[in-house]
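Protein chains in written order, with my numbering: chain A, 32 to 185; chain B, 32 to 185; chain C, 32 to 185; chain D, 32 to 185; chain E, 32 to 185; chain F, 32 to 185. Backbone N, C-alpha and C define an ideal beta-carbon position, used for all residues, glycine too.
Number of protein chains: 6
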Amino acid sequence: MKKKLSHYDEAGVARMVDVSEKSATKRTAQARGFVRMKAAVLKALPDNPKGNPLEVARIAGIMAAKRTHELIPLCHPLALSHVDVDAKVKKDGIAVEATVSTTSQTGVEMEALTAVSVAALTIYDMTKALDKSITIERIELVEKSGGKSGHYKR
Amino acid sequence: MKKKLSHYDEAGVARMVDVSEKSATKRTAQARGFVRMKAAVLKALPDNPKGNPLEVARIAGIMAAKRTHELIPLCHPLALSHVDVDAKVKKDGIAVEATVSTTSQTGVEMEALTAVSVAALTIYDMTKALDKSITIERIELVEKSGGKSGHYKR
Amino acid sequence: MKKKLSHYDEAGVARMVDVSEKSATKRTAQARGFVRMKAAVLKALPDNPKGNPLEVARIAGIMAAKRTHELIPLCHPLALSHVDVDAKVKKDGIAVEATVSTTSQTGVEMEALTAVSVAALTIYDMTKALDKSITIERIELVEKSGGKSGHYKR
Amino acid sequence: MKKKLSHYDEAGVARMVDVSEKSATKRTAQARGFVRMKAAVLKALPDNPKGNPLEVARIAGIMAAKRTHELIPLCHPLALSHVDVDAKVKKDGIAVEATVSTTSQTGVEMEALTAVSVAALTIYDMTKALDKSITIERIELVEKSGGKSGHYKR
Amino acid sequence: MKKKLSHYDEAGVARMVDVSEKSATKRTAQARGFVRMKAAVLKALPDNPKGNPLEVARIAGIMAAKRTHELIPLCHPLALSHVDVDAKVKKDGIAVEATVSTTSQTGVEMEALTAVSVAALTIYDMTKALDKSITIERIELVEKSGGKSGHYKR
Amino acid sequence: MKKKLSHYDEAGVARMVDVSEKSATKRTAQARGFVRMKAAVLKALPDNPKGNPLEVARIAGIMAAKRTHELIPLCHPLALSHVDVDAKVKKDGIAVEATVSTTSQTGVEMEALTAVSVAALTIYDMTKALDKSITIERIELVEKSGGKSGHYKR
Chain A
32 MKKKLSHYDE
42 AGVARMVDVS
52 EKSATKRTAQ
62 ARGFVRMKAA
72 VLKALPDNPK
82 GNPLEVARIA
92 GIMAAKRTHE
102 LIPLCHPLAL
112 SHVDVDAKVK
122 KDGIAVEATV
132 STTSQTGVEM
142 EALTAVSVAA
152 LTIYDMTKAL
162 DKSITIERIE
172 LVEKSGGKSG
182 HYKR
Chain B
32 MKKKLSHYDE
42 AGVARMVDVS
52 EKSATKRTAQ
62 ARGFVRMKAA
72 VLKALPDNPK
82 GNPLEVARIA
92 GIMAAKRTHE
102 LIPLCHPLAL
112 SHVDVDAKVK
122 KDGIAVEATV
132 STTSQTGVEM
142 EALTAVSVAA
152 LTIYDMTKAL
162 DKSITIERIE
172 LVEKSGGKSG
182 HYKR
Chain C
32 MKKKLSHYDE
42 AGVARMVDVS
52 EKSATKRTAQ
62 ARGFVRMKAA
72 VLKALPDNPK
82 GNPLEVARIA
92 GIMAAKRTHE
102 LIPLCHPLAL
112 SHVDVDAKVK
122 KDGIAVEATV
132 STTSQTGVEM
142 EALTAVSVAA
152 LTIYDMTKAL
162 DKSITIERIE
172 LVEKSGGKSG
182 HYKR
Chain D
32 MKKKLSHYDE
42 AGVARMVDVS
52 EKSATKRTAQ
62 ARGFVRMKAA
72 VLKALPDNPK
82 GNPLEVARIA
92 GIMAAKRTHE
102 LIPLCHPLAL
112 SHVDVDAKVK
122 KDGIAVEATV
132 STTSQTGVEM
142 EALTAVSVAA
152 LTIYDMTKAL
162 DKSITIERIE
172 LVEKSGGKSG
182 HYKR
Chain E
32 MKKKLSHYDE
42 AGVARMVDVS
52 EKSATKRTAQ
62 ARGFVRMKAA
72 VLKALPDNPK
82 GNPLEVARIA
92 GIMAAKRTHE
102 LIPLCHPLAL
112 SHVDVDAKVK
122 KDGIAVEATV
132 STTSQTGVEM
142 EALTAVSVAA
152 LTIYDMTKAL
162 DKSITIERIE
172 LVEKSGGKSG
182 HYKR
Chain F
32 MKKKLSHYDE
42 AGVARMVDVS
52 EKSATKRTAQ
62 ARGFVRMKAA
72 VLKALPDNPK
82 GNPLEVARIA
92 GIMAAKRTHE
102 LIPLCHPLAL
112 SHVDVDAKVK
122 KDGIAVEATV
132 STTSQTGVEM
142 EALTAVSVAA
152 LTIYDMTKAL
162 DKSITIERIE
172 LVEKSGGKSG
182 HYKR
């Protein structure tokens, strides 16, 4: 049994990155996603029975960014200096974008991506009565700056 | 539809203030509120069936201050260096006061006001069986120091 | 020492009410509060730099109702079937009202009062840059129905 | 000003659906999503420096399902009777699937979609050091049963 | 690679128990633990600089019971009908006990054990300045009733 | 009544330590605990019906460390730079150990102890179906460095 269990001990072994020695510098990240829905649902938005999904989504996204470290197991808790979420009606859906800033020892990609995801889920929730085929598409990092790994732009 | 929806996009547009360029300085805020109740309920407090509402309220207020940014959508998450909540029996109710300190890029008024509000709600919860006419009155900022906007005293 | 500590053990002794034997029935509660602010601040609301405080407050209030049991130490966790928060501009401030419903073993006064409090704090947060003298006034229960203690109307 | 503000009061007006009169029946929902990543990153997974992203993602997804109502403003808090999250390595990424069940007054689509989203974000977080071009794709409802609106299958 | 990864998919595979088919019955659980500390620290409790650890611990334990499902990954979220936490000074430490009740599809052992653990941690936190050798000992289930697995008493 | 209530006001009076004047330095803490269980349960772990409790416990412990200030009433909210949780099968149970680091104004003992406690509770939850006599034993601080009170090693 010994061998089996000692191997068993090591299975998985999730690890948080140690950022103790990193310096606290300004870091920003921008992410985006898209909520695809039928044209008819889009047109009906101003009369949506649950209210304006764009505004509720913006707020839900901002609030979710602040709770990223509670949701994503290995994320560090951070003091965020800015969160901005934007939602715009496009031809075949709603484009969501989030920008997050911090001055700390680690970056904020996950905070930006979480803000986009929860904003998109909120739009879904507020329109799902009209269209069950809605999909959330291409949640991705757009740009990132600050920190040792340097600037990234998709 | 285009015009209508583009206007629709802009409705609300809640924004968090960007504090990235502010410096981390010591900031404090003090707030207060009052829970008005009948003299009979006040007199009965030491035998209150749910326990001592003053002590439970103090603890609830301290804990709530730490979660302000989860409750108030556009508040920044902050590392608080001190939270103190005080509850005192007065002639016609209970006076609640909270003081919060931080060394960070933004102030702590909302933390102090949230601590007072939740402490007051807790007192209400623990005494409501005796008096449904209890009201929570005049939650307000008493004093605030630190940060660019300077000292404020009511 | 014995005597002193045995008395010490008993100090406070907060107790949650045991609702195990109560039946799950429909219960509703309605609460209200008022955020007093200067006429100039009220007039400027449609151009408020942080967005529309009424809509953000409604959402913050609804979300807070769902977390009441996390904030108020002796409140029971409940499945809420409805939460509605209303915020209306009046002559000298903003009137906030919340209605909460559940089918469960205990009432929802605290949920309605918490929704009102957090909605009021959110309005404060979004307008405080313009007016530090804003006060939150008279948070109180308006009506309550269901459960053994019966109907209450202020 | 009157007119302008009265219109202003109505902007947005997010509303939670009142489910008080719905009956508590068994309801399930299944959702899925996909995390696209480079073949090289996939191959390296068993030596991933942060641990096994599949297992951490499963756990993060299960935990997120339970907190859906905290994240999505107009979702009802529910007692979930089951949450299952599955993550499988495919040719060009990782397929995530979640199934959620409840016996309550409203459905669990949002819980299943939130579980998938947070599981996908967790996979992203654990592999992002190796590949910044990872995208989260097509988060969507697969199937749903129970409740008045009946069975749905994509 | 195929084989390795398919095995890799299965590593861990945490599963929540499906309680959909269980009936909602009354269930209770009682747990206990002990915080061992030096006699000198015990004697000094009534003058403890952070306040009365027994009362704060009771409240922290009650609040933690309500959040058990957020902390323990595979626990079901439950509506608790009662939580009681008791803390008593003994000869060589403080005895903590918790009793939790629910009417639902699964038991509340974890809620009782979590209440005891957090109450014990709170006592530790409030006395640690005086004694770093404090230990939390023997957290265990005392009794459990209700549900298919029947009555258990240690 | 005056006298009685003024004494009543003072009962308890929980106080958070004011760390405003402390300097932000690197601080670490290490804690441990033990989950005692029957040999038969230990041997069966690789086939445990709920999955690998060691890995789930590690993740639950890391996540709990980040939420310590929500659970322990007088703990300060902190930005943690590292959390590591280890769980190893021993002859008569599972040994849990946690190490936490921060650069801040106060130490992280409570974070390390909370991580150990929640990891131990998670192991209990995942194995309790097999053995109700499991106990969580000797949760204690192992070592602590940084801050004015200096180095401590048990």
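Below-9 Å beta-carbon distance, E:Asp49 vs any chain D residue: Within the fifth sequence, residue 49 of chain E is the residue found at index 18, counting from 1. Residue-level contact check: E:Asp49 touches chain D, since one or more beta carbons of chain D fall below 9 Å from its beta carbon.
From the DSSP output, read off the bridge partner residues of B:Val147. Residue 147 of chain B sits at position 116 when you count from the first residue of the second sequence. DSSP lists no partner for B:Val147.
Out of F:Gln136, F:Ile90 and F:Ala71, state which residue places its alpha-carbon closest to the alpha-carbon of F:Lys53. Residue numbering aside, residue 53 of chain F sits at position 22 when the sixth sequence is read from its first letter. That would be F:Gln136, whose Cα lies nearest to the Cα of F:Lys53.
Assuming D:Leu152 and A:Leu161 form a contact by the criterion Cβ under 8 Å, report the distance between their Cβ atoms to the nearest whole angstrom. In the fourth sequence, residue 152 of chain D corresponds to position 121, counting from 1. In the first sequence, residue 161 of chain A corresponds to position 130, counting from 1. Going by Cβ atoms, the distance from D:Leu152 to A:Leu161 rounds to 27 Å, so no, they are not a contact pair.
Given this structure, state the Cα-to-Cα distance separating A:Gly82 from A:Met157, to the nearest angstrom. Stepping through the first sequence from its first residue, residue 82 of chain A is reached at position 51. Stepping through the first sequence from its first residue, residue 157 of chain A is reached at position 126. Distance between the alpha carbons of A:Gly82 and A:Met157 is about 8 Å.
Extent of the continuous alpha helix (DSSP H) to which B:Leu5 belongs: An answer regarding residue 5 of chain B cannot be provided, because it is not within the stretch 32 to 185 covered by chain B.
Can you check which of these residues, C:Phe65, C:Pro84 and C:His107, is closest to E:Thr134 by C-alpha distance? What you label residue 134 of chain E is simply residue 103 of the fifth sequence in a count that begins at 1. Nearest of C:Phe65, C:Pro84 and C:His107 to E:Thr134, Cα basis: C:His107.
Residues bridged to D:Val173 (per DSSP): Translated into positions along the fourth sequence, residue 173 of chain D becomes position 142. For D:Val173, which the question treats as bridged, DSSP gives no partner whatsoever.
Hey, would you say C:Val139 sits closer than 9 Å to C:Ser148, going by beta carbons? Position 108 of the third sequence, counted from the first residue, corresponds to residue 139 of chain C. Position 117 of the third sequence, counted from the first residue, corresponds to residue 148 of chain C. C:Val139 is not a Cβ neighbour of C:Ser148, given a cutoff of 9 Å.
With 16 other CB atoms within 10 Å as the buried threshold, where does D:Val50 fall? As a working note, residue 50 of chain D is residue 19 in the fourth sequence. Burial check for D:Val50: the Cβ neighbour count within 10 Å reaches 16 or more, so the residue is buried.
Check whether chain F comes within 9 Å of D:Asn15, counting only Cβ atoms and requiring the distance to be less than that. Not covered by the structure: residue 15 of chain D. The range shown for chain D is 32 to 185.
Nearest to F:Glu86 (by Cα), restricted to the options F:Val127, F:Val72 and F:Val173: Residue 86 of chain F sits at position 55 when you count from the first residue of the sixth sequence. Looking at the Cα atoms, F:Val127 is the closest of the given residues.
Could you tell me the boundaries of the alpha helix (DSSP H) in which A:Leu102 lies? Here the question's residue 102 of chain A lines up with position 71 in the first sequence. Per DSSP, A:Leu102 belongs to the alpha helix (DSSP H) from Thr99 to Leu102.
Within chain E, partners of C:Glu101 - CB distance below 8 Å: The residue you call residue 101 of chain C lines up with position 70 of the third sequence. Going along chain E in sequence order, the residues near C:Glu101 (Cβ under 8 Å) are Met94, Lys97 and Arg98.
Where the alpha helix (DSSP H) containing B:Leu73 begins and where it ends: Mapped onto the second sequence, residue 73 of chain B falls at position 42. First-last of the alpha helix (DSSP H) with B:Leu73: Ala70 to Lys74.
I'd like to know whether the C-beta of B:Ser148 is nearer than 9 Å to at least one C-beta of chain C. Here residue 148 of chain B refers to the residue found at position 117 when the second sequence is read from its first residue. Yes - at least one Cβ of chain C is within 9 Å of the one on B:Ser148.
With DSSP run on the structure shown, which of helix, strand or coil describes D:Asp78? Start at 1 with the first residue of the fourth sequence, and residue 78 of chain D comes out as number 47. Correct three-state label for D:Asp78: helix.
So, is the C-beta of E:Val17 closer than 9 Å to a C-beta in chain C? Past the boundaries of the shown model lies residue 17 of chain E; chain E is included only from 32 to 185, so the question cannot be answered.
Please state whether DSSP places B:Glu168 in a helix, a strand or coil. On the second sequence, residue 168 of chain B is found 137 positions in, with the first residue counted as 1. Strand, per DSSP.
Sorted by chain position, which residues of the same chain lie with C-beta nearer than 8 Å to C:Arg89's C-beta, five sequence neighbours on each side aside? Reading the third sequence from its first residue, position 58 is the one you call residue 89 of chain C. Around C:Arg89, the same chain offers Val116, Asp117, Ala118 and Ala150 as residues with beta carbons nearer than 8 Å, after the five sequence neighbours per side are excluded.
Would F:Ala110 count as contacting chain D if we go by Cβ distances under 9 Å? Working through the sixth sequence from its first residue, we reach residue 110 of chain F at position 79. Under the Cβ criterion of 9 Å, F:Ala110 is not counted among the residues facing chain D.
Give me the Cα-Cα distance between D:Met94 and E:Leu109, rounded to the nearest whole angstrom. Reading the fourth sequence from its first residue, position 63 is the one you call residue 94 of chain D. Reading the fifth sequence from its first residue, position 78 is the one you call residue 109 of chain E. Looking at the two C-alpha atoms, the distance is approximately 14 Å.
So the candidates are E:Thr56, E:Glu142 and E:Lys122; which of them puts its Cα closest to the Cα of E:Val173? To locate residue 173 of chain E, count along the fifth sequence from 1; it is residue 142. Taking the Cα of E:Val173 as reference, the smallest distance to any Cα among E:Thr56, E:Glu142 and E:Lys122 is reached at E:Glu142.
D:Glu101 beta carbon less than 9 Å from that of A:Arg169: As a working note, residue 169 of chain A is residue 138 in the first sequence. As a working note, residue 101 of chain D is residue 70 in the fourth sequence. D:Glu101 sits away from A:Arg169, with the two beta carbons spaced by 9 Å or more.
Would you mind working out which of A:Phe65, A:Thr56 and A:Lys57 sits nearest A:Tyr155, comparing C-alpha positions? For the purposes of this step, residue 155 of chain A is taken as residue 124 along the first sequence, with counting starting at 1. Nearest option by C-alpha distance: A:Phe65.
Examine chain E for any beta-carbon lying closer than 9 Å to the beta-carbon of B:Glu20, and answer yes or no. Residue coverage of chain B in this structure runs from 32 to 185, which leaves residue 20 of chain B outside it and unanswerable.
Buried or exposed for C:Arg98, going by 16 or more other Cβ atoms inside 10 Å? Numbered from its first residue, the third sequence carries residue 98 of chain C at position 67. Buried, by the Cβ-count rule.
What is the residue span of the beta strand (DSSP E) that C:Asp115 lies within? Locating residue 115 of chain C in the third sequence gives position 84, counting from the first residue. Segment Leu111 to Lys121, the beta strand (DSSP E) holding C:Asp115.
Please determine, among C:Ile165, C:Lys163 and C:Glu171, the residue with the shortest C-alpha to C-alpha distance to B:Thr166. Counted from its first residue, the second sequence places residue 166 of chain B at position 135. Minimum Cα-Cα distance from B:Thr166 among the listed residues C:Ile165, C:Lys163 and C:Glu171 corresponds to C:Glu171.
Beta-carbon proximity check, D:Lys57 vs A:Lys175, cutoff 9 Å: Within the fourth sequence, numbered from 1, the residue matching residue 57 of chain D stands at position 26. Within the first sequence, numbered from 1, the residue matching residue 175 of chain A stands at position 144. No Cβ-Cβ contact shorter than 9 Å links D:Lys57 with A:Lys175.
Give a yes or no on whether the C-beta atoms belonging to C:Arg67 and C:Gly124 are separated by under 9 Å. Residue numbering aside, residue 67 of chain C sits at position 36 when the third sequence is read from its first letter. Residue numbering aside, residue 124 of chain C sits at position 93 when the third sequence is read from its first letter. Yes. Within cutoff.
Neighbour flag for B:Arg46 against chain A, beta carbons, 9 Å: Taking the second sequence and counting its residues from 1, one reaches residue 46 of chain B at position 15. Residue contact check for B:Arg46 against chain A: a CB pair falls below 9 Å.
Alpha carbon to alpha carbon, what distance is there between B:Lys159 and B:Ala71? Translated into positions along the second sequence, residue 71 of chain B becomes position 40. Translated into positions along the second sequence, residue 159 of chain B becomes position 128. Distance between B:Ala71 and B:Lys159, taken at the CA atoms: about 13 Å.
Using CA coordinates, which residue listed in A:Asn79, A:Tyr183, A:Ala62 and A:Leu73 is at the minimum distance from A:Val215? Outside the shown range of chain A, which is 32 to 185, sits residue 215 of chain A, and nothing can be said about it.
Burial state of E:Ser180 (16 or more Cβ within 10 Å): Reading the fifth sequence from its first residue, position 149 is the one you call residue 180 of chain E. With fewer than 16 other Cβ atoms within 10 Å, it is exposed.
In the DSSP assignment, find the beta strand (DSSP E) that holds E:Lys57 and state where it starts and stops. Against the fifth sequence, residue 57 of chain E aligns to sequence position 26. That run of the beta strand (DSSP E) goes Thr56 to Arg67.
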